[in-house]
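Chemist: Residue numbers (this note's numbering), protein chains in the order written: chain A, 1 to 257; chain B, 1 to 257; chain C, 1 to 257; chain D, 1 to 247; chain E, 1 to 247; chain F, 1 to 247.
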Amino acid sequence: MGLEIVDDIREDYVYDLVKSGKREDGRGFREYRQISVERDLIKRAEGSARVKVGDTDVLVGVKLELGEPFPDTPDKGVLITNAELVPLASPGFESGPPNENSIQLARVVDRGIRGSETTDLEKLCIEEGEKVWIVFIDIHILDDNGNLMDAAALGAIASLLNIRIPNEKYGVTGENTLPIRDTPVAVTMVKIEGNILVDPNFDEENAATSKLTVISNADGTLSGMQKSGSGGLKEEEIAEMVEIGIEKAGEIRESYL
Amino acid sequence: MGLEIVDDIREDYVYDLVKSGKREDGRGFREYRQISVERDLIKRAEGSARVKVGDTDVLVGVKLELGEPFPDTPDKGVLITNAELVPLASPGFESGPPNENSIQLARVVDRGIRGSETTDLEKLCIEEGEKVWIVFIDIHILDDNGNLMDAAALGAIASLLNIRIPNEKYGVTGENTLPIRDTPVAVTMVKIEGNILVDPNFDEENAATSKLTVISNADGTLSGMQKSGSGGLKEEEIAEMVEIGIEKAGEIRESYL
Amino acid sequence: MGLEIVDDIREDYVYDLVKSGKREDGRGFREYRQISVERDLIKRAEGSARVKVGDTDVLVGVKLELGEPFPDTPDKGVLITNAELVPLASPGFESGPPNENSIQLARVVDRGIRGSETTDLEKLCIEEGEKVWIVFIDIHILDDNGNLMDAAALGAIASLLNIRIPNEKYGVTGENTLPIRDTPVAVTMVKIEGNILVDPNFDEENAATSKLTVISNADGTLSGMQKSGSGGLKEEEIAEMVEIGIEKAGEIRESYL
Amino acid sequence: MKGEETEVELIKEGKRLDGRGFEELRHIKIDVGVLKRADGSCYFELGDNKVIAAVYGPREMHPRHAQDAKMAVVKFRYNMAPFSTDDRKRPGPDRRSIEISKVSREALDPVIMREYYPKMAIEVYAELLQSDAGTRTAGINAASVALADAGIPMRDLVSSVAVGKIDGEMVLDLNAMEDNHGEADMPVAMIARTNTITALQMDGRLTKEEFERGLKLAMGACHQIYELQRTALIERYSKSENKKEEE
Amino acid sequence: MKGEETEVELIKEGKRLDGRGFEELRHIKIDVGVLKRADGSCYFELGDNKVIAAVYGPREMHPRHAQDAKMAVVKFRYNMAPFSTDDRKRPGPDRRSIEISKVSREALDPVIMREYYPKMAIEVYAELLQSDAGTRTAGINAASVALADAGIPMRDLVSSVAVGKIDGEMVLDLNAMEDNHGEADMPVAMIARTNTITALQMDGRLTKEEFERGLKLAMGACHQIYELQRTALIERYSKSENKKEEE
Amino acid sequence: MKGEETEVELIKEGKRLDGRGFEELRHIKIDVGVLKRADGSCYFELGDNKVIAAVYGPREMHPRHAQDAKMAVVKFRYNMAPFSTDDRKRPGPDRRSIEISKVSREALDPVIMREYYPKMAIEVYAELLQSDAGTRTAGINAASVALADAGIPMRDLVSSVAVGKIDGEMVLDLNAMEDNHGEADMPVAMIARTNTITALQMDGRLTKEEFERGLKLAMGACHQIYELQRTALIERYSKSENKKEEE
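1. Among residues of its own chain, excluding the 5 on either side of T194/E, which ones have a beta-carbon nearer than 8 Å to its beta-carbon?
2. Residues in the same chain with beta-carbon distance under 6 Å from A156/A, minus the five sequence neighbours each way, listed in chain order, please.
3. Determine the burial state of E46/C: buried for a count of at least 16 other Cβ atoms within 10 Å of its Cβ, exposed for fewer.
4. With a cut-off of 8 Å, does the C-beta of A239/A fall near any C-beta of chain D?
5. Hey, is A232/D's beta-carbon within less than 8 Å of any beta-carbon in chain B?
6. I'd like to know if N82/A contacts chain F, where contact means its C-beta is closer than 8 Å to some C-beta of that chain.
7. How many whole angstroms separate the CB atoms of V145/E and Q229/E, which I take to be in contact at a CB cut-off of 8 Å?
8. Could you check whether the segment 59-71 of chain D touches the segment 27-34 of chain B, counting it as contact only if at least three pairs of C-beta atoms, one from each stretch, sit closer than 8 Å?
9. For chain C, find out if any of its Cβ atoms is closer than 8 Å to the Cβ of Q130/E; answer yes or no.
10. Going by CA-CA distance only, name the one from N141/F, A133/F, R26/F and A150/F that's closest to D179/F.
11. May I ask you to list the residues that DSSP assigns as paired with H223/D?
12. Please work out which residues of its chain come closer than 6 Å, Cβ to Cβ, to K52/C, disregarding the five sequence neighbours upstream and downstream, and give them in chain order.
13. For D182/C and L160/C, I'd like the C-alpha separation in whole angstroms.
14. Do you know whose CA, among T198/E, R16/E, L129/E and P153/E, lies nearest D173/E's CA?
15. Using a C-beta to C-beta distance shorter than 8 Å, which residues of chain A count as neighbours of V54/D?
16. Specify the secondary structure class of E4/E as computed by DSSP and reduced to three states.
17. Can you give me the C-alpha to C-alpha distance between T263/E and S210/C, rounded to a whole angstrom?
18. DSSP three-state call for M1/C: helix, strand or coil?
19. Would you please verify whether the beta carbon of E127/E is less than 8 Å from any beta carbon of chain C?
20. State yes or no: is the beta carbon of S97/D nearer than 8 Å to at least one beta carbon in chain B?
21. With DSSP collapsed to three states, give me the class of I157/C.
22. Per DSSP, what kind of secondary structure is H27/E in: helix, strand or coil?
23. Pick helix, strand or coil for D8/B, following the three-state DSSP scheme.
24. Cβ of V8/F less than 8 Å from any chain C Cβ?
25. Strictly below 8 Å CB to CB, what residues from chain E border I9/C?
26. For F83/F, would you say it is in contact with chain H, using Cβ-to-Cβ distances shorter than 8 Å as the test?
27. Mind the definition here: the segment 104-117 of chain E touches the segment 21-41 of chain E only if three or more C-beta pairs lie below 8 Å; say whether that holds.
28. Taking only three categories from DSSP, how would you classify K89/F?
29. For L174/E, return the contacting residues in chain B, with the cut-off set at a CB-CB distance below 7 Å.
30. Rank D12/A, A49/A and V190/A by C-alpha distance to the C-alpha of N162/A and give the top, closest one.
31. Distance, Cα to Cα, L147/D vs L46/D?
32. Taking only three categories from DSSP, how would you classify F44/E?
33. Tell me, please, whether the CB atom of A261/F is closer than 8 Å to any CB atom in chain A?
34. Going by DSSP, which residues form a beta bridge with S210/B?
35. Suppose contacts are defined by Cβ-Cβ distances below 8 Å. Is G220/F in contact with K165/F by that definition?
36. Residues of chain A with a CB under 8 Å from the CB of G92/F: which are they?
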């Protein structure tokens, strides 16, 4: 109960700030927190990236293993995206099997990559119907200070961009890099008191009732979208968010990919 | 606690009625509620039947898939019966893995079919020891108003009676129908205040301490029996229930199969 | 709460006894309870032993099945040790998947056997990379009156010592016995009020904050060690425990293996 | 939207393979109050999709620590019957159904007057009996009507439909064939009276213009579905009224 | 009862393969109070079946919402040790053991004076150490004695045995070979003093007359088992008494 | 310690394959307070092992029946990231990680003043981001510092390292190559100031003399690690102090 009151107070604080045109950390409504991308930290992984967006800290590792293709796509590799909201990262996370938030996180990142056809899955086939590369994208959250989605999606594409295919380890021959055809970038926005804020921090995410993630590609096309939260959005708000999403994605792509 | 009192009152009500020779819905003790059987509602299934017994509503779907036989019966298909008491069907059902009630339901239906050797499992073998048809009988409860067992068993046999074997989909050759050798029918009875009532509705099922399901075949032989509930039955009561069970099964078989 | 007070009183009782040089059951500090080992009780198992240490009662069964080797050891059989603390054995055990205590029990027994290279796993290979014997050592606790570890470890090695390899059942040829190269024996000690007690009974185990299991072989070498409990041990205490452990293991080996 | 090449021609002579125009819904059938045990229920057919939704509550929320002191918690469980799909679906929740349950719950949350029932639970179950693409939209439509049938206080109904891109065209309400071979899929849920979007997902690849066109198309169709939902509820209500009068 | 043809000849010259007559039980051995930690326990051998049952309680029922305000809840867990079967059994409950646990609990419920302990739990565990058909009946017999050993107030003991049909004959107490190749199997549990049936299952195919004959056969054997159970408890009781007197 | 023959030569010309001497630790790097949400945190590198530990609490213990009326309950969760190992590790706890979590918790318990917080929980999480043998010791070292960073009252720090036997020699702090092909591995945790051993495991085969030598070697190295842990905490503390003064 005590905690709930604190939550209410924090929410009110966020509302009041936004009403007066401000944000907790002094940013403008359309401004991201400081982003950093560190690559190849994990030498046991075939690709990895640690992405910080402000204090939000996400480590993505990509592992490749040999396996069987799905029966309906015998000539394609398999992409599996998984997210773990480990209890290290937030007082609200619990041990146990993935909950709806971690599943949504993984699935939206996954769809963004598939929608843009980022990876040419046919290049990951070694023997049709028998042997293909299984690409595991594992999203490991270290510190949740809001907007995990954008950090996770950025970590995923940054990891994929320079994976080394472990042909030798598995005794197969083939190219050592994976051609990446596009670079989908996710931009998440919330609506608070009628205003659209990009890159919500933890308190803003909690205070907002509607959130929209817009994933877009280098050519400005959209390859994924997900509304979440228990509130609604108007058509014109969505249009504005899409506009902003594409613009911000361009900036991030240019700076960090 | 409030709910428990309501339960007690309902139980007393059922007892009082039965003592005066009556039932909640005006039926005689040996009378079934209105039964209806609708076939082939589900076109994704190889066989299906929706059975209503009064307000009890059960949907059974049968799917066939290719798979491996059990090592000790290499020349036989495999029959798997599964029941889901989904929380849609009753305020008392919960999400989660099958509990003892759904497991018992599935296993009794399954044994009734096996006991009568309804399906010639050898006809479901495509390549001995390698490839056989796996027949999944899935019992999906939609509305539990008592006596799920009889509705589920009737749905299972009604579904099996006209399955189409999906040879083309799986690229194998063979007959398109499955010869059904017998038609086991389950008849469930409860004992309340020394009386035997067939086809208990929800309140009667709750009020009774002993329940007996008798499964019998076209020739009057028995192919399954299951007593449940925390009460006992006398030898002569069981004998009477078996008698009634066989008779009622004959009536149902004639009208609905 | 009531129970916690009882626990406290029992603990104090154990402390007081130990301070005056005594134990609940009248034993000396370095004395085991009565041990008994019954072999081959379970004819469905390829080897079995029921070990009692005082009132502690453990049944170990070993089953062999054919299976695939691990990819990194294609020429070796597989050893799997599993322990079940079934709720029959103690008011504190609960149904459900293995908890940390049963996992630790199984893993320490397992390491003791591996460390001493008790079983020549290469003798369990039938066809390199394809077919090997999988040896399941299942530890089934019947009555937990303290020191499950020593009873379980003794049951495991006693079972292994005379397993019959089920070549005929699986239609393969080979030797019918498994050469056992060593006989690791576990000796568990607790520290209470500065004293070292071997073979703690249930109350002593609860009262002690530090416990050490020392597993040693016929030649006096160590093949496993595990400290548990929320207390610490001094270097010289550990040295003394190792000394005692090797000595007691020798006595047990001579009498029961 | 499996990232597959469009090898199948989905549009012929300006018509879709099932004969529909680009902006045409599949047939819809709505039955209200089809279950006896549930507090409210609805059977909804959308083409070959068949779904039953049931609502229980408001009732006590278990476990207690998950109660919300200020409003009711809505639980939503989207579940596919094992025989509802081409290949048998293993019983129990998978990652897809867990995500759909979340999206569906959030689609309905805005219209439910949750503040009336602090600490309580409102449970919504959508059972997919047969599937043919668009199952989550059918489930939301059914659930919305079942909530009303259960007498849960609501600001309005929620209506839902998907749009998608096939053979380069934005079309309404994809069927399974179109979904499997199309270029994009986009489920939408909306409060028709206020044109408020409560669910929005997109999958595949669309230009901004295509997206905007698709959203408008979906919003228009939601208005159609809303009328069908209202009609079904009015019929149900008048039937109950007639029954009462007869008594 | 695996629906297999009877290819094996199970009766030769009027005797069963293990030498028994048609109405003959396998050897039975009963030890009471074999475990120290449990409140009551019993080791029961029926031919090659070996089972230990333990009883804990009455004690507090967890979780609370599963408590019954009017009487104790009986929990029963039938569990096979991994090494008890021909092929190793994976640890943990499977569908078969969950059903058997339910049937066994309901076999014992009628004799336990549950009304004495509202809100409490009485926990019964039956561990199958070696199996040879008839395990559930052995488990019920063992549990019944263990309940008495634990001092749980009971109206009477419950006794249990199976009958079945092999080579066309109704026989008592099938062993594994007979069960695998027989035509029907029918486990029965009974309160001997009142001839009240508390468990009854049937599997396979029987005529009405065969069923009735089988039931009578089982009821007769339950009386025999009941005497053995009583004798074992009396011996145990007199031993404890003697011990007390010696002290 | 997989019971494999030592086919690989692990010591050449008195040096180990990575150039270390027998009694030499791998490089160690410690960063304190690396996470914002956690109450305390620590990043610890030991050679190629990379681990982050976080501490939450003291806070309310769930579920209630697991509370200890006399002291705080310490929870420890050792978890390997899926990409931390050579072959991808399936997410979620396995038997190994459950045992390590227990051993690590018991290594830390003796220094935590648990009696200050009856009924509360202190939660410790160690996430292994990259592994190269010795992960549990790295996890304990990181957790110990994170506990201090969280302001949990402690009697002292706990320091941990493994020793092992390779090519017949007792050496300090095995790497993965040495662990896979060595003859014994022995992780130790210690309260440096009092030379109290709080964790001890052994795996492989050692003589009593080798064991004793190994233990001494580990204890010496724990003193080195203890100094590094203290230094890291002092640096962190002085930084915060400076920050405060600047304000």
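Yeah, the Cβ is synthetic: ideal placement off N, Cα and C, and Gly gets one too.
This one's a predicted model, so the numbers in the text were calculated from it and none came from an experiment.
Modeler: Based on what the coordinates show:
1. Excluding residues within five positions, the ones whose Cβ falls inside 8 Å are D156.
2. V60, V109 and I137
3. buried
4. yes
5. Answer no: the Cβ-Cβ gap between A232/D and chain B never drops below 8 Å.
6. Chain F, which has a Cβ nearer than 8 Å to the Cβ of N82/A, makes this yes.
7. Confirmed, about 5 Å.
8. no
9. Closer than 8 Å to some Cβ of chain C, the Cβ of Q130/E qualifies, so yes.
10. A133/F
11. Partner(s): none; H223/D has no beta bridge.
12. S36
13. Going by the C-alpha atoms only, they are around 11 Å apart.
14. R16/E
15. It is worth fixing the name first, because residue 54/D is Ala in this sequence and not Val. Ordered by position in chain A, no residue passes the 8 Å Cβ test against A54/D, which lies about 21 Å from the chain.
16. Note that E4/E scores 48 on pLDDT, short of 50, meaning its location in the model is unreliable; the coordinates nonetheless yield the value given after this. Residue state, collapsed to three classes: coil.
17. Shown here, chain E extends from 1 to 247; a query on residue 263/E therefore has no answer.
18. Here the model assigns M1/C a pLDDT of 37, short of 50, so the residue's position is not dependable, and the following value carries that caveat. Here M1/C sits in coil by DSSP.
19. yes
20. no
21. helix
22. coil
23. Residue state, collapsed to three classes: helix.
24. It does not: the Cβ of V8/F has no partner Cβ on chain C nearer than 8 Å.
25. Result: empty, since nearest Cβ-Cβ is about 19 Å, beyond 8 Å.
26. Among the protein chains in the structure shown, which are A, B, C, D, E and F, there is no chain H.
27. no
28. coil
29. Residues of chain B passing the Cβ test: none, with the nearest at roughly 15 Å.
30. Measuring from the Cα of N162/A, the nearest candidate turns out to be A49/A.
31. Rounded to the nearest angstrom, the two C-alpha atoms are 19 Å apart.
32. strand
33. Because chain F is modelled from 1 through 247, residue 261/F falls outside the range shown and cannot be assessed.
34. K191/B
35. no
36. P97
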